[in-house]
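Residue numbers for the sequence shown, in full-length UniProt numbering: 1 to 513.
Built from N, CA and C at the ideal position, the CB exists for glycine as well.
Inspection log for the structure reproduced underneath, given as structure tokens.
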Amino acid sequence: MRLPLSVILYSVKEGLSEVPEEAEKTFFYGRPSFYREETPAEGLILYEGTGRVPVERADARSVWLCGWGSVGAFAGERLPGRGSVFLLKEGYSMGWACNCLHQLFDRWEQWERETQQMVIRRAPLGEYLEAASRLSGKPLSVMNREYRLVALSSGWNELEKAGLEVRAVGERLPVEVVNVFKTDPLYLQVAERREPFLYPSNVALPVQVLCTNLFYGDIYCARVVMFEYGEEIHPWDFYLMEKLTEYLELVYMAGDELPGEVRKAGDFLQRLLDGESLKRSELLELYALEGWKAEDQYQLVVLQVSDQDIANRTLEYFRYELMKEFPYCLTAEREERIVMVLNLARASAAPGSFRQDFALFIREGNFRAGYSNLFHGLEQLEVYYRQAGIALRYGSRNNEMIWQHFFDHHALDYFLDKGSEEIPPEQMCASELQVLLEYDRRNHTELYRTLRVYLENRQNAVKTAKDLYIQRGTLLYRLARIQKLTRLDFEKYERLLYVGLSYLMADREKDRR
1 MRLPLSVILY SVKEGLSEVP EEAEKTFFYG RPSFYREETP AEGLILYEGT GRVPVERADA
61 RSVWLCGWGS VGAFAGERLP GRGSVFLLKE GYSMGWACNC LHQLFDRWEQ WERETQQMVI
121 RRAPLGEYLE AASRLSGKPL SVMNREYRLV ALSSGWNELE KAGLEVRAVG ERLPVEVVNV
181 FKTDPLYLQV AERREPFLYP SNVALPVQVL CTNLFYGDIY CARVVMFEYG EEIHPWDFYL
241 MEKLTEYLEL VYMAGDELPG EVRKAGDFLQ RLLDGESLKR SELLELYALE GWKAEDQYQL
301 VVLQVSDQDI ANRTLEYFRY ELMKEFPYCL TAEREERIVM VLNLARASAA PGSFRQDFAL
361 FIREGNFRAG YSNLFHGLEQ LEVYYRQAGI ALRYGSRNNE MIWQHFFDHH ALDYFLDKGS
421 EEIPPEQMCA SELQVLLEYD RRNHTELYRT LRVYLENRQN AVKTAKDLYI QRGTLLYRLA
481 RIQKLTRLDF EKYERLLYVG LSYLMADREK DRR
């Protein structure tokens, strides 16, 4: 096994006369050997004596550890590119240095052997972290892409003393912590890093950490975290994390944490959202899995997430956090949004106020929500998914400052838009309106507006005259004129409805212009 120079020098720093602040990180060395003139002077070399060492024989990567009194061995020559020379202080023997170095290599090689055996016997992730923690002296954890802790080393609970909110294996990070991470530009920058990186402490993380990401191909799956607690993070910890990651990537995906694994109920939910018709037996199984009934009242919610959520892959985290916070719901991810199916019968029986708690959840996460109409049974779930999406789209377009939007508030706008998809609004409007507009233009009258106010007031002549600031007789004259010009029958409900919708469609077209 080869180790970085930084950890080699650290193991004997007590006896060195000079210790560099930062040793070369890219050079790695095997166990030391004693210098013999007949062998090339390369690698990690122990030398004790007064005889001159030929500098030209020294390899560029050679490191010489010389005993006290060996200072003259190089005859004062320190040629660039010919390796490094470190002298032991008086009172420290070469035997002492040799023992320190061999003990160092023994510890690392033992860790490597143990870890290789773990791979063979498919040990739990926690065992890998425990072995690495013993070697580094610092606690470690593995967090998956849902921000759930899947493995911890011993010493994890000690982090509570540093101000970290300690969670157990299987639990997700607190919502407030994830909200801090997703708005941190640095957190986004390190999402695709393949090499170890330092992440500084912040309001959510009281200590600095050293991290490596685990990937399945090009897909980010989890993060290994070493906490700077009990002992500082050293340069060689980067090397340890690289080696540890190599082993963890071999076993992580072979376990239960394989990305894309979903519960059976979630699979049924995805199929329903795709518009697939489930068999009756499958629907009954879905209800049984969740403890729901077909006759229960439901509502579907679509959550529009922020760009930070998409970039930092927090959708899965918030999906499971929603099901934890509101156990009467099922969630899915679709079109970079969170889909939430609520069992309102169970929600009303649960303690607390769902509407109030959910509104708080939305605001804290900077989400926008679109709600479908209420319904019974899950057979037509794909239709209600479209309803919620329409509510979100139209509501955000009309007022992006509002957090929640309901389909029945925007269904009429959607209806009018669909009515003018194939035919322009002017040609879709009732012919009566065109007649009145043309008459008003020629004669400087207000028959178009008069009819509108009359219909809005449900054909109440008194209120209409008051709103138009005219006499009742004048109104009756105008209405008679309207009927003569358009032949509109005020007794036909369907025709009056069409005329009323035409007014709304004309208004929308005018606003767009």
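- Distance between LEU392 and ARG113, taken at the CA atoms: about 56 Å.
- For the 8 Å CB-CB criterion, CYS66 and VAL12 do not form a contact.
- Here the C-alpha atom of VAL169 lies approximately 42 Å from the C-alpha atom of ARG397.
- The beta strand (DSSP E) runs of length 3 or more contained entirely in the region 400–477 are, from start to end of the chain, 404–406.
- Between LEU164 and GLY266, the gap from beta carbon to beta carbon reaches 8 Å or more.
- If only uninterrupted beta strand (DSSP E) runs of at least 3 residues are considered, those enclosed by the region 133–193 are 140–144, 149–152.
- By the CB criterion at 8 Å, THR314 and TYR199 fall outside the cutoff.
- Counting along the chain, THR314 sits inside no beta strand (DSSP E), nor does DSSP assign it H or E at all.
- Under the criterion of beta carbons closer than 8 Å, VAL339 and LEU289 do not qualify as touching, at roughly 17 Å.
- With fewer than 16 other Cβ atoms inside 10 Å of its own Cβ, GLY275 counts as exposed.
- DSSP places TYR10 in the uninterrupted alpha helix (DSSP H) bounded by 5–11.
- Distances from the CA of PRO327 to each of MET226, THR212, LEU342 were compared; the closest alpha carbon is that of LEU342.
- Exposed is the label assigned to SER33, since fewer than 16 other Cβ atoms lie within 10 Å of its Cβ.
- Short of 8 Å from the beta carbon of LEU381, and not among the five residues preceding or following it, lie these beta carbons of its own chain, in chain order: LEU269, LEU272, LEU273, LEU300, VAL341.
- No residue range can be given for TRP292, since it is assigned to no beta strand (DSSP E) and is classified by DSSP as neither H nor E.
- Taking every protein chain shown into account, the CB of ALA350 has fewer than 16 other CB atoms within 10 angstroms, so this residue is exposed.
- Linking TRP108 to ARG193 through their CA atoms gives a straight-line distance of about 26 Å.
- Rounded to the nearest angstrom, the gap between the Cα atoms of VAL177 and MET143 is 13 Å.
- For the pair ARG121 and GLU316, the Cα-to-Cα distance works out to about 31 Å.
- Bounds of the alpha helix (DSSP H) holding ARG512 are 493–512.
- Straight through space, the alpha carbons of ASN213 and PRO185 are spaced by roughly 17 Å.
- Per DSSP, the unbroken alpha helix (DSSP H) holding LEU101 starts and ends at 94–120.
- Here GLU432 has THR486, LEU488, VAL499 as same chain residues with Cβ atoms under 7 Å from its own Cβ, once five neighbours each way along the sequence are excluded.
- GLU228 sits close to VAL207, with the two beta carbons spaced by under 8 Å.
- Under the 10 Å beta carbon count, LYS89 is surrounded by fewer than 16 other beta carbons and is classified as exposed.
- Straight-line spacing of the CA atoms in LEU504 and LEU496 works out to 13 Å.
- DSSP places ILE390 outside any beta strand (DSSP E); the residue lies instead in the alpha helix (DSSP H), whose first and last residues are 381–398.
- Nearest to PRO196 by alpha-carbon distance, out of LEU205, ASN179, VAL225, VAL175, is VAL225.
- When C-alpha distances from LEU44 are compared across LEU9, GLU18, LEU476, the shortest belongs to LEU9.
- ARG355: member of the alpha helix (DSSP H) spanning 354–365, first to last residue.
- When only Cα atoms are considered, SER154 and LEU210 end up about 17 Å apart.
- GLU232 carries a coil assignment under DSSP once its states are collapsed to helix, strand and coil.
- DSSP, read as helix, strand or coil, puts PHE268 in helix.
- According to the DSSP assignment, LEU344 belongs to no beta strand (DSSP E) but to the alpha helix (DSSP H) extending over 344–349.
- Across the structure, ALA97 and LEU87 are spaced so that their CA atoms are roughly 11 Å apart.
- Boundaries for LEU16: no beta strand (DSSP E) harbours it, and the DSSP string shows neither H nor E there.
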